[in-house]
Every structure is written in C-alpha cells, then in structure tokens.
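See below for the structure under consideration.
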Amino acid sequence: MVPKFEKIQKKFDVVVEEMTRLNLNPKAVVVKQTDSLRNKSISFLLESNINGREDDKKEIINLLRQPRGNISSIAIVGIGGIGKTTLAQFIYNDEEVQNHFEKKMWVCISNNFDVKTIVKKMLESLTDSKIDDKLSFEYIQHTLHEN
1 MVPKFEKIQK KFDVVVEEMT RLNLNPKAVV VKQTDSLRNK SISFLLESNI
51 NGREDDKKEI INLLRQPRGN ISSIAIVGIG GIGKTTLAQF IYNDEEVQNH
101 FEKKMWVCIS NNFDVKTIVK KMLESLTDSK IDDKLSFEYI QHTLHEN
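Residue numbers (full-length UniProt numbering): 1 to 147.
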C-alpha cells in the first residue's frame, strides 16, 4: 500500500508544480513530509518546503491575534498527509507570531493521549529543559502554571 501511496504522492507533486508554474494558488496543497517529520513533530521548518499555504497561514494568524479574555484554541483538521502539522509549524515560526506572544510551546500529541505526558512536554518546551518522569503530575502542572 505504501508504494501505491508514494506513486500517487509523486503524481500529485507534479500537479502542484504545474499549478505553481501557472501561478494558480489553490486553497490547500499537500506538502511533502519527510520521514523524520512523520515520526516526530518539531517546531523548526524550512519555509522552502511550503507551497500554497500563505492564505491559510494569514487567516489563522489573524484568528490568533484577535483579543480574547481567556485561553482559546484553533483546530487544524483534515486527513493524514495534507500538511496540518506543516501548516502549524509554518505559523508557529512566523516572525509576527513569535513577536506577538510572550510564551510559546510546541507539543506533538500522539494517538496515545496521556495528560501528564502532554503537560510535561509543555513545560519542557517552555523552559527548554528536560523534566524528570518521576515528578508528580500535580508538581509538573503547578510548575507549568508558575512559568
């Protein structure tokens, strides 16, 4: 099944290149994903890997900049492989976003959803340091709140 998907992906890449050459700007474009990004999500992204997502990026950044009294979230949804994580990385690394928010965290949430692990990863991202797995959830949560 994987070789068939890769063949389809290559055909799609050709179509995207042709659309780019013709200055056609689709609303959403599948972005190539490297093996390392499939296995682990990181906040760093080379902008040269992004095609046709500028409008999506601007729309989400505008939503992020709207004043709110409390914490809110914006969901980026879609089937696997369409570039949701890549778009999120593109936005996270944007200079306007970096300057707008005092604190930022990058956390990859897998299918094995564990609240303690997520909160621990949030604190690690915020403090740029490794947090001991043996610490209690309450302690990690309190420390995150204090930061």
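Built from N, CA and C at the ideal position, the CB exists for glycine as well.
Counting C-beta atoms within 10 angstroms of its own C-beta, Ile91 has 16 or more neighbours from the protein chains shown and is therefore classed as buried.
CA-to-CA, the gap between Lys103 and Lys4 works out to about 42 Å. A direct Cα-to-Cα measurement between Gly81 and Ile109 gives close to 16 Å. Boundaries of the alpha helix (DSSP H) harbouring Ser125: 115 to 127, taken from the DSSP string. Going by DSSP, Ile74 is part of no alpha helix (DSSP H) at all; its letter is neither H nor E. Nearest in C-alpha terms to Asn99, of all of Gly52, Ser136, Arg65, Phe12, is Arg65. The Cβ atoms of Ser125 and Val107 sit closer than 7 Å to each other.
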